[in-house]
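Okay, so the sequence shown: first residue is 722 according to the numbering used here, each after it adds one. Idealized CB from N, CA, C, for every residue including glycine. All of these numbers come straight from a predicted model, not from anything done at the bench.
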Amino acid sequence: MPPPKSWKFRKKLTIPGDFQKAIGGHPLVAQTLYRRGFCTIEEAQAFLHPEKVTPTPPEQLPDIEIAIPLLIDAVKKQNHILVWGDFDVDGQTATTILVEGLRELGGFVSYHIPVRGEESHGISRKVLEQYLGEGFELLLTCDTGISEHENIQLARNAGKTVIVTDHHSLGESLPPANAVVNPQRLPEDHPLSTLPGVGVAYKLIEALFKAENKEFEEGRYQELAALGIVSDVARLKGDTRYILQKGL
722 MPPPKSWKFR KKLTIPGDFQ KAIGGHPLVA QTLYRRGFCT IEEAQAFLHP EKVTPTPPEQ
782 LPDIEIAIPL LIDAVKKQNH ILVWGDFDVD GQTATTILVE GLRELGGFVS YHIPVRGEES
842 HGISRKVLEQ YLGEGFELLL TCDTGISEHE NIQLARNAGK TVIVTDHHSL GESLPPANAV
902 VNPQRLPEDH PLSTLPGVGV AYKLIEALFK AENKEFEEGR YQELAALGIV SDVARLKGDT
962 RYILQKGL
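As structure tokens, this is what we get:
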């Protein structure tokens, strides 16, 4: 004889009347939001309506206070900035945002996206050595670099400034870059913690325009960012969800 079944019923959820009224629409919308932890009107409305969201300042990203002055100095001195991206959609859109943003500010910028049939993810030692021979002053990675300790050390030994922007998991130690801008260094509940590579690039350019007192056309960059966020199947929380909503 099989053991008797034990049924477990979900406890009845009592939703405050003002919450239901503020959310509006079908009652299931308010019920679902409330069950998922959006228990204040402000949180629930921000989830549904991006215009009610206050974006998190990009300055809260780790090491961005180091990266911004280095980039501003490179732009003003017309130093050659090499943006090193990745061949997936997140990496390509991140590269585009960085290159277009830096060029709009007057920077001398080139970029490298690995050829998938010839290179793997990350920084190829052979290709990096070619670029070192041709000459550049600042290496700016996007969607890559967090595990490239040896290649970054090679660039540093050659006298190059290196800024890593990435979103992949941290290793036992950070690479020896001048700055490592990676949202994984933030607490898990931070609104910037789920940004993919393109989200980090977006926030970096936003901070750069802000530092230079330039108007930041967020809509122009949000469309690219949305494409990268969807393609990378990023976790839609905090600013990641906000950027996607606005971009779409």
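Can you grab the Cα-Cα spacing for the pair residue i / residue j, in whole Å?
{"i": "P748", "j": "A955", "result": "29 Å"}
{"i": "F768", "j": "I964", "result": "12 Å"}
{"i": "R962", "j": "E764", "result": "13 Å"}
{"i": "P835", "j": "A876", "result": "17 Å"}
{"i": "L782", "j": "T753", "result": "31 Å"}
{"i": "I1002", "j": "S831", "result": "Examination of residue 1002 is not possible in this model, given that the chain is present from 722 through 969 alone."}
{"i": "H888", "j": "G758", "result": "26 Å"}
{"i": "V669", "j": "V885", "result": "The structure shown does not extend to residue 669, since the chain is modelled only from 722 through 969, so no value can be given for it."}
{"i": "D960", "j": "T775", "result": "9 Å"}
{"i": "G866", "j": "P771", "result": "31 Å"}
{"i": "T777", "j": "D807", "result": "26 Å"}
{"i": "V810", "j": "P917", "result": "11 Å"}
{"i": "L913", "j": "L907", "result": "8 Å"}
{"i": "V820", "j": "I950", "result": "18 Å"}
{"i": "Y923", "j": "H911", "result": "17 Å"}
{"i": "T816", "j": "G828", "result": "14 Å"}
{"i": "G746", "j": "H842", "result": "46 Å"}
{"i": "S952", "j": "P724", "result": "47 Å"}
{"i": "R731", "j": "A751", "result": "17 Å"}
{"i": "V974", "j": "L860", "result": "Since the first residue of the chain shown is 722 and the last is 969, residue 974 is not available in this structure."}
{"i": "K726", "j": "L734", "result": "24 Å"}
{"i": "E825", "j": "R941", "result": "12 Å"}
{"i": "Y852", "j": "L792", "result": "19 Å"}
{"i": "E780", "j": "A788", "result": "10 Å"}
Pick from the options: whose alpha carbon is nearest that of residue i?
{"i": "I785", "options": "A946, L916, L925", "result": "L925"}
{"i": "K967", "options": "L945, V810, S952", "result": "L945"}
{"i": "A928", "options": "G822, F768, D807", "result": "G822"}
{"i": "G920", "options": "K958, R756, L853", "result": "K958"}
{"i": "K881", "options": "A795, Y942, N903", "result": "A795"}
{"i": "E858", "options": "E871, K726, K797", "result": "K797"}
{"i": "N701", "options": "I873, F740, G940", "result": "The structure shown does not extend to residue 701, since the chain is modelled only from 722 through 969, so no value can be given for it."}
{"i": "P790", "options": "L819, R941, E933, A879", "result": "E933"}
{"i": "P737", "options": "C760, A947, I787, S727", "result": "C760"}
{"i": "N800", "options": "T862, Q813, G856, A751", "result": "G856"}
{"i": "I818", "options": "L734, D864, G854, Q851", "result": "D864"}
Pull the bridge partners of residue i from the DSSP assignment, please.
{"i": "C707", "result": "Residue numbering for the chain in the displayed model covers 722 to 969; residue 707 lies beyond these limits and cannot be assessed."}
{"i": "I926", "result": "Answer is none; I926 lacks a bridge partner."}
{"i": "Y832", "result": "V804"}
{"i": "T862", "result": "W805, V885"}
Return the chain-ordered list of same chain residues with a C-beta closer than 8 Å to the C-beta of residue i, the five sequence neighbours on each side being excluded.
{"i": "A743", "result": "I762, A765, Q766"}
{"i": "F937", "result": "I926, E927, F930, K931"}
{"i": "E939", "result": "E927, K967"}
{"i": "V678", "result": "Within the shown structure, residues of the chain are numbered from 722 to 969, placing residue 678 beyond reach of any answer."}
{"i": "I739", "result": "Residue identity differs from the one stated: residue 739 is Asp in this sequence, not Ile. Cβ neighbours of D739 beyond the five flanking positions: I762."}
Can you name the start and end residues of the beta strand (DSSP E) that residue i belongs to?
{"i": "V885", "result": "882-886"}
{"i": "L782", "result": "That residue, L782, is in no beta strand (DSSP E); it is neither H nor E in DSSP."}
{"i": "V902", "result": "900-902"}
Between which residues of its own chain and residue i is the CB-CB distance below 6 Å, once the five residues before and five after are set aside?
{"i": "G892", "result": "S868"}
Got a sec: is the Cβ-Cβ distance from residue i to anything in chain D below 7 Å?
{"i": "G940", "result": "Of the protein chains in the structure, only one exists, and it is not chain D."}
Specify, as a first and last residue, the run of the alpha helix (DSSP H) that residue i falls within.
{"i": "H870", "result": "870-878"}
{"i": "E825", "result": "810-825"}
{"i": "F740", "result": "738-744"}
{"i": "V951", "result": "939-952"}
{"i": "R846", "result": "846-855"}
Closer than 7 Å by C-beta to residue i: which residues in its own chain qualify, once you throw out the five before and the five after it? Chain order, please.
{"i": "P897", "result": "H870, I873, Q874, R877"}
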